[in-house]
Amino acid sequence: MISKNESKIAFVWGNGESRKKVNRMYDGFWEDLRMIGEFYGCNAIYRDHRMDHLVLVDPEMLKEISEHPNRYADKFPVWTGYRNPKQWGTKVKNIPKNHRWNAGTLATHLAVQHGANEIYLIGHDLQPGINGLTNNCYKSTNNYRKVYEDDITYDRFFEDWKEMLTCANGVTFYRVKPDSGFIPKDLKRSAMKHISWNTFVTKIKAYRKSLIFK
């Protein structure tokens, strides 16, 4: 088993609803993840979980951060693809080597730029919800689509991911699949490996053991 010192690990959190499953894992699972690697997240995830790096691409979400009563961006790193983030009056940083990608892809590429060489993607479902409804943990909340609105063009997401993967040589990507087992056709033969939740948990337990007894 590669130790944490030999492999720089990052967890990149999307907002697909499969992410909620992490709360049903064993006691201490979140703590184990934080011990193993850094957290990168997208948009409204900051409402529920502290990220080591938060990536925002939606102007309304940037406005929300700029108006946060506790001045979130002054305390935790916040990044965006916009070239002039200071217009929101916060300490939001511009992502270097920026591409016009979706938030999940940008967050992943940021982890790559920070030196991560083993990246786990959780909550990147890349598909609509049941009956075509919006698949997002924050649907029907401020700055998000209603539950019945899902006009996302996923093909563009797939193109973003394929392009990003070509910029990340030497990095191993593990996408934790939703319970549906869905794997986008465009990503089946890519550098991204698609694993089950059981496999993910097994890997985390092995990492925890190797760190404790190192």
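If you're matching positions, the sequence shown starts at 2 in our numbering and goes up one per residue. C-beta atoms are modelled at their ideal positions from N, C-alpha and C, and glycine is treated no differently.
Looking only at its chain, what residues have a beta carbon closer than 6 Å to the beta carbon of residue i, apart from the 5 residues adjacent to it on each side?
i, result
"L55", "G42, Y47 and V79"
"W102", "D161"
"Y175", "Y121, K194 and I196"
"H100", "none"
Which of the three DSSP states, helix, strand or coil, is assigned to residue i?
i, result
"H50", "coil"
"M62", "helix"
"M165", "helix"
"A11", "strand"
"Y155", "helix"
"L212", "helix"
"E39", "strand"
"V148", "coil"
"R20", "helix"
Quick one: is residue i buried, meaning 16 or more other Cβ sit within 10 Å of its Cβ, or exposed?
i, result
"C138", "buried"
"A207", "exposed"
"S141", "exposed"
"D161", "buried"
"T95", "Note that residue 95 is Asn in the sequence shown, not Thr. Classification of N95: exposed, given that the 10 Å Cβ count is below 16."
"F183", "exposed"
"E150", "exposed"
"T109", "buried"
"R20", "buried"
"H115", "exposed"
"N199", "exposed"
Starting from residue i, follow its DSSP beta bridges and name the residues at the other end.
i, result
"K194", "Y175"
"L55", "G42 and V79"
In chain order, what residues of the same chain have a beta carbon less than 7 Å from the beta carbon of residue i, not counting five sequence neighbours either side?
i, result
"N44", "N16, L57, D59, M62 and A104"
"L34", "F12 and I205"
* To do: Can you check the region 82-145 for any beta strand (DSSP E) of at least 3 residues that lies completely inside it and give the ranges in chain order?
  => 119-123
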